Structures are given as structure tokens and as C-alpha cells.
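In this note's numbering, the protein residues as written are 1380 to 1609. Here is the structure we will look at.
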Ligand SMILES: Cc1cc2nc3c(=O)[nH]c(=O)nc-3n(C[C@H](O)[C@H](O)[C@H](O)COP(=O)(O)OP(=O)(O)OC[C@H]3O[C@@H](n4cnc5c(N)ncnc54)[C@H](O)[C@@H]3O)c2cc1C
């Protein structure tokens, strides 16, 4: 199916792209990725950053600095261009009727599916607490910091906890985001989602299980990532 670039914004190395369609958009679930083909490059999975609506799909695509579809999407792609959509996938999606608080742990563009899951939770259960732990190495890695602070003002039940593992910045915790999230007092009563670089996801899931989190309330896309490293 052909999608069209509706708009984009650059946030450092990450381009936030909205895609629409002339026909009705296929319905996704929060947490899904879409297989997208940019130009002549092979299709790759990209997490959807918005909760389901009928108007657009939002993606956060990082320019990794190597020749490929992501670099094309973050440099050459223009408003009005066509992107080929090959379907949705993903091993984790939001659980709308779950009353547990949400702990969302993200690194890099792993933020995208967490935003989708948070948005779906605000709609289905507006009072459920949502804690978003978002980490990077350097301050510039927190490409959506300003937006996340705005989200905290809009949603009183939403907390954004950033952390940096290399830069020392006032008011930002220092350390790896998975380790910092493991100290949350609601860890054992929450539903937990993890997305980001594969090593960060693997380590965080492993630590959560070791702390006693039940396997059925911790969600990640490790299986898909092992095929295509994020
Ligand atoms: C479930 C899932 C969700 C994902 N969601 C997102 C997302 O939301 N946003 C996002 O930006 N990406 C996301 N990715 C990663 C994305 O799918 C691509 O794999 C990635 O962007 C690279 O694809 P590409 O087409 O640009 O490069 P490719 O065509 O895969 O590679 C082009 C060339 O660059 C080399 N190369 C590729 N990666 C690297 C690297 N890390 N270091 C050095 N050389 C490299 C390759 O060997 C090849 O020579 C996700 C991946 C998974 C599995």
C-alpha cells in the first residue's frame, strides 16, 4: 500500500515523519511497528509513535550515518513523497483493560512505541499512572525532551524520568536507564514495556526478571530485534 509523507520535523539525528493515505489507514495497535520501504531501499521495521487514529502514522527515524533506508528517510525524503507500507508487526501491544501502572523504558528511537502505548493508555484509562524512563548517553540523545516535558503538563498521571549515562547535566539522573527504572517502587506491581538498542533491552528485561517481575507483564520486541538489530 502506498503512503504519502504529510509532514516531518527534524530533532537532531532523528526525523519525526507523519505518513497518511488516500484510502482509510489500516488499523494498528499501540506498540506495533510498520514495515516501510523508502525509495529503492529494502523494507525495514519502524515503530509507530502515535496511538491509533484515522489520520496519520508517526515514525521517529534515526540517521545512523550509513547508506540505507533510514538515512534516505532522514535526508532525501520530502513532503508528498510515497513510502511503501508492507504491513504491521510486533510481539507486544498495549493491554487496554490492564489496571496496573505502566513503566515504559526506552533508549534512542525506542521512545516511539512507548509514546504510542502511553497515548493509548491516556485514552483507555486516563487516570492510570504512566512512568516513562528515557535514557541516552549524551544530552543530545534526548531528542524529544521538550515534548515529553509538555506531555507531563497535559497529563497529570504521566511522569517523565530522563537519564544520561555519559554527560553530567543538572536535574538529569546519571546512569543507564534500565538500572534507574529498576529502582521504581511500583516495579513489581506494574506492566513494563522496554524498547531501544538490543543490548539495553536484553539487559533490562533480564534485570527485571531477576528482581521478580512476572514474565507475562514485561514486554519487548527482542525476538524481532534479534533478526534486525535496532
Ligand atoms: C522492531 C523494530 C523496530 C524498529 N523501530 C525503529 C524506529 O522506530 N526508528 C528507527 O530509526 N529504526 C528502527 N528500527 C531499526 C530499523 O528497522 C533499521 O534496521 C535501521 O534503521 C537500519 O536500516 P537501514 O535500512 O537504514 O539500513 P540497512 O539497509 O539495514 O543497512 C545499510 C547498510 O548500513 C549498514 N548498517 C546498518 N546498521 C548499521 C549500524 N548500526 N552500524 C553500522 N552499520 C550499519 C549495513 O550493514 C548496510 O551495509 C527498528 C528495528 C526493529 C527490529
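From the three backbone atoms N, C-alpha and C, an ideal C-beta is built for every residue, glycine too. Remember, predicted model here, so these are calculated numbers, not experimental data.
*asked:* Comparing C-alpha positions only, which one of 1544, 1600, 1428 and 1561 sits nearest to residue 1577?
replied: 1600
_Using the three-state DSSP reduction, which class does residue 1381 fall into: helix, strand or coil?_
strand
*If you draw a straight line from the C-alpha of residue 1404 to the C-alpha of residue 1434, how long is it?*
7 Å
*Per DSSP, what kind of secondary structure is residue 1609 in: helix, strand or coil?*
Residue confidence for residue 1609 is low, a pLDDT of 47 falling below 50, so the modelled location carries little weight and cannot support an answer.
*Tell me, which residues are paired with residue 1532 by DSSP?*
DSSP output for residue 1532 lists no bridge partner at all.
*For my contact list, residue 1499 and residue 1427 are in at a C-beta cut-off of 8 Å; report their separation, rounded to the angstrom.*
Contact between residue 1499 and residue 1427 does not hold, since the beta-carbon distance rounds to 11 Å and is not under 8 Å.
*Enumerate in chain order the residues of its own chain whose CB-to-CB distance from residue 1509 is below 8 Å, with the five nearest sequence positions on each side excluded.*
1480, 1481, 1483, 1497, 1500, 1501, 1534, 1536, 1537 and 1538
*Should residue 1391 be counted as a contact of ligand 1 given a C-beta to heavy atom distance under 7 Å?*
Checking every heavy atom of ligand 1 against the Cβ of residue 1391, none is found closer than 7 Å.
*Name, in chain order, the residues that DSSP records as bridge partners for residue 1424.*
1414
*May I have the straight-line CA-CA distance separating residue 1609 from residue 1540, to the nearest angstrom?*
Model confidence at residue 1609 stands at a pLDDT of 47, short of 50, so the residue's coordinates are unreliable; what they give is reported in the following sentence. If I take the Cα positions, the gap works out to 22 Å.
*asked:* For the stretch 1439–1451 against the stretch 1399–1419, do three or more pairs of beta-carbon atoms, one drawn from each stretch, fall closer than 8 Å, so that the two count as touching?
replied: yes
*Verify the contact flag: residue 1450, CB atom, against every heavy atom of ligand 2, threshold strictly below 7 Å.*
Summarising the ligand content, the structure contains ligand 1 and does not contain ligand 2.
*Measure the C-alpha to C-alpha separation of residue 1592 and residue 1568 and round it to an integer number of angstroms.*
Answer to the nearest angstrom: the Cα atoms are 8 Å apart.
*Taking only runs that begin and end inside the stretch 1478–1544, name each unbroken beta strand (DSSP E) of 3 or more residues, in chain order.*
1481–1486, 1509–1515 and 1537–1543
*How is residue 1386 classed by DSSP in three states: helix, strand or coil?*
strand
*Assign residue 1592 to one of three DSSP states: helix, strand, or coil.*
coil
_Pair within 8 Å by beta-carbon distance, residue 1441 and residue 1487_ = Annotated as proximal: residue 1441 and residue 1487, with beta-carbon spacing under 8 Å.
*How about residue 1424: is its Cβ closer than 7 Å to a heavy atom in ligand 1?*
yes
*asked:* Does the beta-carbon of residue 1491, which I'm using as the reference point, lie nearer than 7 Å to any heavy atom of ligand 1?
replied: yes
_Nearest-angstrom beta carbon gap, residue 1465 and residue 1409 [assumed within contact, 8 Å]_ = For a cut-off of 8 Å, the C-beta gap from residue 1409 to residue 1465 is around 20 Å, too long to register as a contact.
*Three-state secondary structure assigned by DSSP to residue 1548*: coil
*Between the beta-carbon of residue 1548 and the beta-carbon of residue 1457, is there less than 8 Å?*
no
*asked:* Checking the sheet assignment: what are the DSSP bridge partners for residue 1436?
replied: For residue 1436, which the question treats as bridged, DSSP gives the partners 1398.
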